[in-house]
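> Position 8, counted from 1, in the sequence shown is what our numbering calls -3; the numbers after and before it change by one each time, with no gaps.
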Amino acid sequence: SFNNNQDNEYGDYLHASDQVLRNIAMYLVENYKADYKNTCDIFDDCKERCEYLNTWLNEKKALYTSNGKCTNHSTSWEKYIEGLWKKLEEDAEEQKKCKRIPLTEKNFDKKWITQNCNNSTAAEVPRNCPDVSLPKDPVCPMSVNPTSSSCRIVLTTTYVVFGILLFFMYLLRFSSVGMKINNIIRGEKIKERNIEDERTHEHSNNEFIDRRFNLIYNSLKN
-10 SFNNNQDNEY GDYLHASDQV LRNIAMYLVE NYKADYKNTC DIFDDCKERC EYLNTWLNEK
50 KALYTSNGKC TNHSTSWEKY IEGLWKKLEE DAEEQKKCKR IPLTEKNFDK KWITQNCNNS
110 TAAEVPRNCP DVSLPKDPVC PMSVNPTSSS CRIVLTTTYV VFGILLFFMY LLRFSSVGMK
170 INNIIRGEKI KERNIEDERT HEHSNNEFID RRFNLIYNSL KN
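1. Roughly how many angstroms separate the alpha carbons of Leu155 and Val149, rounded to a whole number?
2. To which residues of the same chain is Gly72 closer than 7 Å at the C-beta, ignoring the five residues directly before and after it?
3. Measuring CA to CA, which of Leu92, His62, Tyr(-1) is closest to Glu40?
4. Work out the CA separation of Asn(-7) and Val18 for me, nearest whole Å.
5. From this set, Lys68, Arg141, Asn96, Gly152, which residue's C-alpha is nearest His4's C-alpha?
6. According to DSSP, simplified to helix, strand and coil, what is Arg38?
7. Between the segment 22 to 41 and the segment 95 to 109, can you find at least three pairs of beta-carbon atoms closer than 8 Å?
8. Please state the DSSP three-state secondary structure of Glu94.
9. Taking Ile31 as the reference, which of Val9, Lys85, Trp74, Thr64 has the closest Cα?
10. For Asp186 and Lys180, what's the separation of their Cα atoms in angstroms?
11. If you check the beta carbons only, do Glu94 and Gly57 fall under 8 Å apart?
12. The alpha helix (DSSP H) spanning Arg89 covers which residue range?
13. Could you check the C-alpha separation between Arg188 and Arg141 for me, to the nearest Å?
14. Is there a Cβ from chain C that is less than 8 Å from the Cβ of Tyr53?
15. Determine the extent of the alpha helix (DSSP H) in which Lys75 is found, giving its start and end residues.
16. Measuring straight from C-alpha to C-alpha, what distance separates Arg175 and Met158?
17. Kindly give me the distance between the Cβ atoms of Lys49 and Ile90, rounded to whole angstroms, as I take these residues to be in contact under 8 Å.
18. Return the Cβ separation of Lys76 and Tyr(-1) in integer angstroms, given the expectation that the two are a contact with Cβ distance under 8 Å.
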């Protein structure tokens, strides 16, 4: 966490769109105030801590500016990071001021430098995305809820089937066609009943004849 930049005290040195440079500045405030200024007199090693702080910052400068060969990054570094160091040094007591030790520039082949590094003006990246106007009308038509549509189909089918059943029931009970059908059904039932009665009567006669023959046979035998 960054606890040493109270009330945005060093906000002027935090780059608005370059997050890498902004992060380096925030860590510089923490390292200068917490690890150097507020601690070195306790351990009596202010000189060593100042040297370490310079070494740490020069490593970041070598990476960010390509050892000073990237013009745009070098310009931004001088404005934000070196300017921040001077501000931190001004706020420190005389005996705790840490003198800036400049970077010893080393060779960096220009073929690895991008074109943006040497433009006259640095490319500014907008902090927020541009507003995009939304379409007034929906692109696709709104679809019908499948659940309600299915329910309507089921209810309609049920009503149709129920209506057909009622129609046939009325036809069978009250119309002439229904009466004819009922008469035919009754006639068939009467025929079946008569046939069954004839079979029963014939069976009874056969049993009676059999009994008579048995009586005659037994009487003759005796």
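By construction, the Cβ of each residue, glycine as well, lies at the ideal position given by its N, Cα and C atoms.
Walking through what the data contain:
1. When rounded, the distance between both Cα atoms is 10 Å.
2. Tyr2, listed in sequence order.
3. That would be Leu92, whose Cα lies nearest to the Cα of Glu40.
4. About 7 Å.
5. Closest by C-alpha distance to His4, out of Lys68, Arg141, Asn96, Gly152, is Lys68.
6. Here DSSP, grouped into helix, strand and coil, assigns Arg38 to helix.
7. Counting Cβ pairs under 8 Å, fewer than three are found: no touch.
8. In the three-state reduction of the DSSP assignment, Glu94 falls in the coil class.
9. With distances taken between CA atoms, Ile31 lies nearest to Lys85 out of Val9, Lys85, Trp74, Thr64.
10. Looking at the backbone, the Cα of Asp186 and that of Lys180 are separated by about 10 Å.
11. Yes, they are a contact pair.
12. In the DSSP annotation of this structure, Arg89 is not part of any alpha helix (DSSP H), being labelled neither H nor E.
13. Answer to the nearest angstrom: the Cα atoms are 58 Å apart.
14. The chain inventory of the structure shown lacks chain C, comprising one protein chain alone.
15. Unbroken alpha helix (DSSP H) run through Lys75: 72 to 80.
16. Approximately 18 Å, taken between the alpha carbons.
17. Not confirmed; about 14 Å, so no contact.
18. Contact check for Lys76 and Tyr(-1): beta-carbon distance about 7 Å, within the 8 Å limit, so the pair qualifies.
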